[in-house]
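In the UniProt record's numbering, the protein residues as written are 1 to 156.
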């Protein structure tokens with residue numbers, strides 16, 4: 001069988017190929033293709049910053065991008081928000097493949113943090129996505145007292 005992605009610069013490790021096959025099997029084509037484009041864009045940005053796929057952790061970037069929307073699949077549709085369900089599904093898949101827990105944690109966190117960086121309103125203060133975003137960016141959070149002292153915005 002011909003590899004439809006042979007001309008694209010994806011990692012070809014056993015885990016990357018297994019994840020590619022798995023994700024293609026559970027996601028709608030539009031979401032799967034979006035995930036592949038996300039990796040290519042992330043790789044491009046990394047190369048612009050001097051990262052090199054043959055020396056830096058290209059496989060981890062690939063796995064995080066590939067699995068970042070798994071929560072939108074039928075298999076990933078559980079009881080949490082799709083980003084958390086997807087992060088849990090990605091972590092389960094990678095753990096089942098024998099990936100070390102510290103590397104699984106990076107993929108799990110990247111799934112939520114990347115979405116929160118793109119859409120900060122999806123990571124409000126005092127929520128788990130908000131806390132991960134705060135840790136990533138170092139942005140200080142207001143205290144409850146400070147929040148209560150503010151004039152209401154009425155955009156809640």
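Ideal placement from N, C-alpha and C gives every residue a C-beta, glycine not left out.
*asked:* Looking at residue 158: is its Cβ nearer than 8 Å to the Cβ of residue 65?
replied: The requested residue 158 does not occur in the structure, where the chain is confined to residues 1 to 156.
*asked:* Ignoring anything shorter than 4 residues, give me the alpha helix (DSSP H) runs that lie fully in the region 8-59, in order along the chain.
replied: 14-26 and 29-48
*Under a three-way DSSP split, which group does residue 141 fall into?*
Along the chain shown, one-based indexing puts residue 141 at 141. Residue 141: coil per DSSP, three-state reduction.
_Can you tell me where the alpha helix (DSSP H) holding residue 91 begins and where it ends?_
Counting from 1 along the chain shown, the entry for residue 91 is found at position 91. Start and end: 82-96.
_Anticipated Cβ contact below 8 Å, residue 59 with residue 11, distance rounded_ = Reading the chain shown from its first residue, position 59 is the one you call residue 59. Reading the chain shown from its first residue, position 11 is the one you call residue 11. Contact holds; Cβ gap of about 5 Å.
*Rounded C-beta distance between residue 109 and residue 133? I'm assuming under 8 Å.*
The sequence position of residue 109 within the chain shown is 109, counting from 1. The sequence position of residue 133 within the chain shown is 133, counting from 1. Going by Cβ atoms, the distance from residue 109 to residue 133 rounds to 10 Å, so no, they are not a contact pair.
*Okay, do the region 71-86 and the region 18-35 touch, 3+ Cβ pairs below 8 Å being the bar?*
yes
_Proximal residues to residue 126 (C-beta, below 8 Å), its chain only, five neighbours per side dropped_ = Taking the chain shown and counting its residues from 1, one reaches residue 126 at position 126. 141, listed in sequence order.
*8 Å Cβ shell around residue 35 - same chain, five flanking residues per side excluded*: Position 35 of the chain shown, counted from the first residue, corresponds to residue 35. Closer than 8 Å at the Cβ level, and outside the excluded window around residue 35, lie 23, 27, 65, 66, 67, 68 and 69.
*Going by C-alpha distance, which of 107, 146 and 149 is nearest residue 19?*
On the chain shown, residue 19 is found 19 positions in, with the first residue counted as 1. The residue with the shortest Cα to Cα distance from residue 19 is 107.
*Give me the Cα-Cα distance between residue 150 and residue 143, rounded to the nearest whole angstrom.*
Here residue 150 is taken as the residue at index 150 of the chain shown, counted from 1. Here residue 143 is taken as the residue at index 143 of the chain shown, counted from 1. Each residue's Cα considered, the two are about 11 Å apart.
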